[in-house]
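Notes for the one structure printed next.
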Amino acid sequence: DRYRSSHQTVLAKTYHYLFTKGIPSLAESVGKAVEEILQQWDVLGGVDASLRDVSTWVERVRDIIEQRQEKEEVMSHLVKFVIPPEGGAAAAADAETNETDATEDELAKYILDETYDLLESPTFNMAERQCLDTTFAQLRTRVFGKLFLLEDSIPLATVVTHLQKTAVSTFYKPPSHKEEMKNWGGVLGMMEEPLPSVPNDYISKLERLEAVVELSDVCF
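For the sequence shown, the numbering used here gives the first residue as 742, with consecutive numbering after it.
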């Protein structure tokens, strides 16, 4: 139907932006922040780091990327990595005039307008904050925190290697199996077929957050 077609147009354009511009831009920004913060540390020089050191670095990266000190602005500073600037996505939707009629274009613009309004809302702001805080808390507890269970400090190269392996395993998982889906909750539990990859621990935890549930109620 008309709504489905317009909605698919919006998703196609925003997903294209996310994977071709948003994620590469985010990775570049994080890389620069890490270089700035660790410029006095020699990873290959045999220097040791403590849990406090690593936790401080992570929080400083978050301050830079999320710009957490700028409390006066409602719009998240991370949205620019997820969706085109307001007006940009609408222009992209207009480029589809050869494939969709004028009514569908107007509907696509309406969906985008509603999306931007939601991104500027306190509801989204709270959901994003809870998701980020929960994700990094889990990262500290279940990832790099485990490195310091027996030692107060370890070689920095070991920390970096461990984080790299964790990043890869978080986003690249083996295909899921039908039997595993019985333990999935929320939206994931509604899937009828196995996903191409097993949902990581972060997703299963985030979808149960109070602010995320509230946001989903507003969206759907």
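For every residue, glycine included, the Cβ atom is placed at its ideal position computed from N, Cα and C.
{"query": "Run of the beta strand (DSSP E) containing Ser791, from where it starts to where it stops", "result": "789-791"}
{"query": "Anticipated Cβ contact below 8 Å, Glu955 with Thr864, distance rounded", "result": "6 Å"}
{"query": "Assigned secondary structure, Ile895 (DSSP; H/G/I helix, E/B strand, else coil)", "result": "strand"}
{"query": "Residues near Arg803 by beta carbon distance below 8 Å, same chain, minus five either side", "result": "Arg809, Leu873, Phe877"}
{"query": "Three-state secondary structure (DSSP) of Val751", "result": "helix"}
{"query": "Outcome for Tyr756 when other beta-carbon atoms lying within 10 angstroms are tallied against a minimum of 16", "result": "exposed"}
{"query": "Cβ neighbour criterion (16 or more within 10 Å) applied to Pro765", "result": "exposed"}
{"query": "Pick from Thr761, Glu800, Asp846 that is closest to Leu778, judged by C-alpha positions", "result": "Looking at the sequence shown, residue 778 is not Leu but Ile. Ranking Thr761, Glu800, Asp846 by Cα distance to Ile778 puts Glu800 first."}
{"query": "Residues of its chain near Leu880, where Cβ-Cβ distance is below 7 Å and the 5 sequence neighbours each way are ignored", "result": "none"}
{"query": "Sequence-distant residues of the same chain with beta carbon closer than 7 Å to Glu827, five excluded per side", "result": "Tyr857"}
{"query": "Ile778: first and last residue of the uninterrupted alpha helix (DSSP H) it sits in", "result": "764-778"}
{"query": "Expected contact under 8 Å - CB spacing of Ala790 and Leu859 to nearest Å", "result": "Rounded, the Cβ-Cβ distance is 40 Å, inconsistent with contact."}
{"query": "Collapsed DSSP secondary structure at His818 in the structure displayed", "result": "coil"}
{"query": "Beta-carbon gap between Val884 and Thr907 smaller than 7 Å", "result": "yes"}
{"query": "Where Leu853 falls, given that 16 or more other Cβ within 10 Å makes a residue buried", "result": "buried"}
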